[in-house]
Amino acid sequence: MSEETTSSEDDITAIETPVYLTYNFTAGEATTRFLHQVRKGKVMGQRCPGCGNVYAPARGSCAACGLPTSEEVELGNKATVQSFTIVWIPIPNNPIQPPYIVANLVPDGANISFIHLMSECDNDSVHIGQRVEAVWKPEEEWDYAMDNIRYFRPLDEPDVPIEMIGKVPLSGWEGKA
Amino acid sequence: MKDIAIVSFAQSDCRRDAGACNEVELIMPVIEQAMQAVGLNNSQDVDFTCSGSCDYQQGAAFAFVMGVDALGAVPPIKESHVEMDAAWALYESMLKISMGQAESALIYGFGKSSPGELPTVLSQQLDPYYLAPLWVDSVSLAALQARVLLDRGLLSEQDMAAVVARSRANAKANNPHAQLAGDVSVEELLAESPWVAPLRKHDCCPISDGASAMVICTIEKARAWGKPYAVIRGIDHRMESHNIGARDLTRSVSTELAAAQAGVDRGPVEVAELYAPFSHQEIILSQALGLDDSTEINPSGGVLAGNLMMASGLSRIGEVATRIMSGDVRRGVAHATSGPCLQHNLVAVLEAA
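So the protein lines, in turn, are chains A and B.
Read in order, the letters of the first sequence correspond to residues 1020 to 1196 in this note's numbering.
Read in order, the letters of the second sequence correspond to residues 1359 to 1711 in this note's numbering.
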């Protein structure tokens, strides 16, 4: 390439090469079992045969023990706030208007949290250890999806001490199932 | 590198579609089998764990991280991953042991290719400026390579069909995990029409879902465990240019270099397991490794019988190790490849203890 050519052309600093790939994504066998139950309005966990921990939604193994979790356990409609954040930034295409609460919630009978929304609450008074319950969509709208539960709302129950979060049995906190 | 022992190996069936199974569900059975063979429970019982996989295959970001759920990694373990075939996870594990940072390692590879269009997905590993934007798929590139070989008279379509016929027959005789196996003649194969000319469909490995796992350790540890083992006497890997046009596609220079470095010619090669995803590539590799009729090539059927992308390279090594551990052979060579038209090659020499 001559000197004249290089000096007369702009440097190319970027090119566009769009990538589009199509996949038939599958959920996993354990998650498939979970989604079939959510379709029927039930939140199911799976118990580790080693340590006894219950996972929801389960991925097919106990991450701590490396054992398959085959035993299905029905979980409660109530849960405990393990952690939360208040979202102030609008997310494109998200119909929920900020500010709103996203929380890690441990359902009664499970030992690991999942992420869901909280509503019908005073954002400033949401706190760790708070007791909440699921508010489901009408049955005719149920699908294979976690948003069959619209959100969780606060319960008038005593807080769960931090060391007990993730250990509340299916019978509930202080026996209040 | 110091001698290292392979003490166990396990592999799943090669299936065209593993259905809903996620990575954890693919991995767990082979890890359990490989660990139990040496009396171990989970990754807590080895010093290091290393895996090979590629998230592009199943289109699930960080699937390789989620795979760790299969290991029993609490309390935390020393763990690593290569976005390559698990044969290179074995290589990393050997370095770890050679540096004295571990005495034992669990290695696994998995591939779930069924959710996507694998040949197209593989086009995205090409150089990002000239080739990837053209979406040149892996089968088309292999077809270009076969065309060069045929046009130069370096092999014939009969030679290629003979590779396939032997693969199918070996898979039928020796490999319960094979996806493609059976008795088929060269004449029958040549009667089929070209698919991506000059390749016929049977010249190309099938697309498979599954996983494989291996446990390695120092020779001292293998003796202490008291189980049969195979010794990795030499290993090396070499890579060629990403620019297809700059390479001599009729031979595998990188395999020749790796073979010399690994010491393939320092003894008889009774058995060789070669990662040749296309029939003509088995011929290229045999020549690069200097193999002749005295070597049994791909007794498992090789990857033409089932190709677990990201696990098949480890499985080639496992296939040779298994034959040594059972006492069937005393010395063999295993090969793994990565990239288009045999771009990157690993050669391992395995011997009886």
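We put the beta carbon where it would ideally sit given N, CA and C, even for glycine.
Computed from a predicted structure; not experimentally measured.
Open item on the list: I'd like to know whether the C-beta of residue 1490 of chain B is nearer than 8 Å to at least one C-beta of chain A.
Closed with: Taking the second sequence and counting its residues from 1, the one referred to as residue 1490 of chain B is at position 132. Interface residue, yes.
Query raised in the report: What is the DSSP secondary structure of residue 1065 of chain A, counted as helix, strand or coil?
Result: As a first step, residue 1065 of chain A is located in the first sequence; it is residue number 46 there, counting from the start. Three-state DSSP puts residue 1065 of chain A in a strand.
Original post:
Checking contacts by CB at 8 Å: is residue 1383 of chain B closer than that to chain A?
Top reply: For the purposes of this step, residue 1383 of chain B is taken as the residue at position 25 of the second sequence. Output row for residue 1383 of chain B: interface = yes.
Practice task
Compare the C-beta of residue 1412 of chain B against all C-beta atoms of chain A and say whether one is closer than 8 Å.
Solution key: Taking the first residue of the second sequence as 1, we reach residue 1412 of chain B at position 54. Not closer than 8 Å to any Cβ of chain A, the Cβ of residue 1412 of chain B fails to qualify, so no.
- Run down chain A in chain order and give the residues with a C-beta less than 8 Å from the C-beta of residue 1473 of chain B. Within the second sequence, numbered from 1, the residue matching residue 1473 of chain B stands at position 115. Ordered by position in chain A, the residues that pass the 8 Å Cβ test against residue 1473 of chain B are 1042, 1043, 1044, 1045.
In three-state terms, what does DSSP make of residue 1056 of chain A?
What you label residue 1056 of chain A is simply residue 37 of the first sequence in a count that begins at 1. Correct three-state label for residue 1056 of chain A: helix.
* To do: Just the C-alpha distance for residue 1632 of chain B and residue 1445 of chain B, rounded to the nearest angstrom, thanks.
  => Along the second sequence, one-based indexing puts residue 1632 of chain B at 274. Along the second sequence, one-based indexing puts residue 1445 of chain B at 87. Their Cα atoms are separated by approximately 12 Å.
Distance check for residue 1386 of chain B and residue 1078 of chain A, CA to CA, integer angstroms please. Here residue 1078 of chain A refers to the residue found at position 59 of the first sequence. Here residue 1386 of chain B refers to the residue found at position 28 of the second sequence. Near 12 Å, if we compare the C-alpha coordinates of residue 1386 of chain B and residue 1078 of chain A.
task: Tell me, to the nearest whole angstrom, how far the beta carbon of residue 1463 of chain B is from that of residue 1408 of chain B; I am working on the premise that it is less than 8 Å.
output: By 1-based counting over the second sequence, the position of residue 1463 of chain B is 105. By 1-based counting over the second sequence, the position of residue 1408 of chain B is 50. Right, the Cβ-Cβ distance comes to about 6 Å (below 8 Å), so this counts as a contact.
Please list the residues of the stretch 1136 to 1152 of chain A that have a C-beta atom closer than 9 Å to any C-beta atom in chain B, keeping them in chain order.
Per Cβ criterion, the list is empty.
So, is the C-beta of residue 1132 of chain A closer than 8 Å to a C-beta in chain B? Counted from its first residue, the first sequence places residue 1132 of chain A at position 113. No, residue 1132 of chain A lies away from the interface with chain B (no Cβ there is under 8 Å from its Cβ).
Applying the 10 Å Cβ sphere with the 16-neighbour rule, what's the burial state of residue 1626 of chain B? Sequence index remark: in the second sequence, residue 1626 of chain B carries index 268 (1-based). With fewer than 16 Cβ atoms within 10 Å of its Cβ, residue 1626 of chain B is classed as exposed.
message = Using a Cβ-Cβ cutoff of less than 6 Å, which residues in the same chain neighbour residue 1563 of chain B once the five nearest sequence positions on both sides are dropped?
response = Locating residue 1563 of chain B in the second sequence gives position 205, counting from the first residue. Taken in chain order, the residues that qualify are 1635, 1661, 1662, 1665.
Got a sec: is the Cβ-Cβ distance from residue 1078 of chain A to anything in chain B below 8 Å? Taking the first sequence and counting its residues from 1, one reaches residue 1078 of chain A at position 59. Closer than 8 Å to some Cβ of chain B, the Cβ of residue 1078 of chain A qualifies, so yes.
Considering only the beta carbon of each residue, do residue 1676 of chain B and residue 1572 of chain B sit closer than 8 Å? As a working mapping, residue 1676 of chain B is identified with position 318 in the second sequence. As a working mapping, residue 1572 of chain B is identified with position 214 in the second sequence. Yes, they are a contact pair.
*Please compile the residues from chain A whose C-beta is within a distance smaller than 7 Å of the C-beta of residue 1368 of chain B.*
Taking the first residue of the second sequence as 1, we reach residue 1368 of chain B at position 10. Within chain A, no residue comes near residue 1368 of chain B; the closest Cβ sits about 15 Å away, beyond 7 Å.
message = Please report the straight-line C-alpha distance between residue 1020 of chain A and residue 1032 of chain A, rounded to a whole angstrom.
response = Working through the first sequence from its first residue, we reach residue 1020 of chain A at position 1. Working through the first sequence from its first residue, we reach residue 1032 of chain A at position 13. With a pLDDT of only 46 at residue 1020 of chain A, under 50, the local geometry of the prediction cannot be trusted, and no value is derived from it.
Q. Short check: CB of residue 1440 of chain B to CB of residue 1469 of chain B, under 8 Å?
A. For the purposes of this step, residue 1440 of chain B is taken as residue 82 along the second sequence, with counting starting at 1. For the purposes of this step, residue 1469 of chain B is taken as residue 111 along the second sequence, with counting starting at 1. No, Cβ-Cβ distance for residue 1440 of chain B and residue 1469 of chain B is not below 8 Å.
Item to check | Residue nearest to residue 1374 of chain B in terms of C-alpha spacing, selected from B/1692, B/1581, B/1650, B/1476 | outcome: Reading the second sequence from its first residue, position 16 is the one you call residue 1374 of chain B. Here the closest residue by C-alpha is B/1476.
- [ ] Could you name the residues of the same chain whose beta carbon sits closer than 7 Å to that of residue 1482 of chain B, not counting the 5 residues immediately before and after it, in chain order?
- [x] Position 124 of the second sequence, counted from the first residue, corresponds to residue 1482 of chain B. So the list reads 1414, 1490, once near-sequence residues are dropped.
Please name the residue or residues paired with residue 1692 of chain B in a DSSP beta bridge. Sequence index remark: in the second sequence, residue 1692 of chain B carries index 334 (1-based). DSSP lists B/1631, B/1706 as partners of residue 1692 of chain B.
Exercise. Name the residue from B/1678, B/1685, B/1610 whose alpha carbon lies nearest to the alpha carbon of residue 1696 of chain B.
Key: Residue 1696 of chain B sits at position 338 when you count from the first residue of the second sequence. Comparing Cα-Cα distances from residue 1696 of chain B to each of B/1678, B/1685, B/1610, the minimum goes to B/1610.
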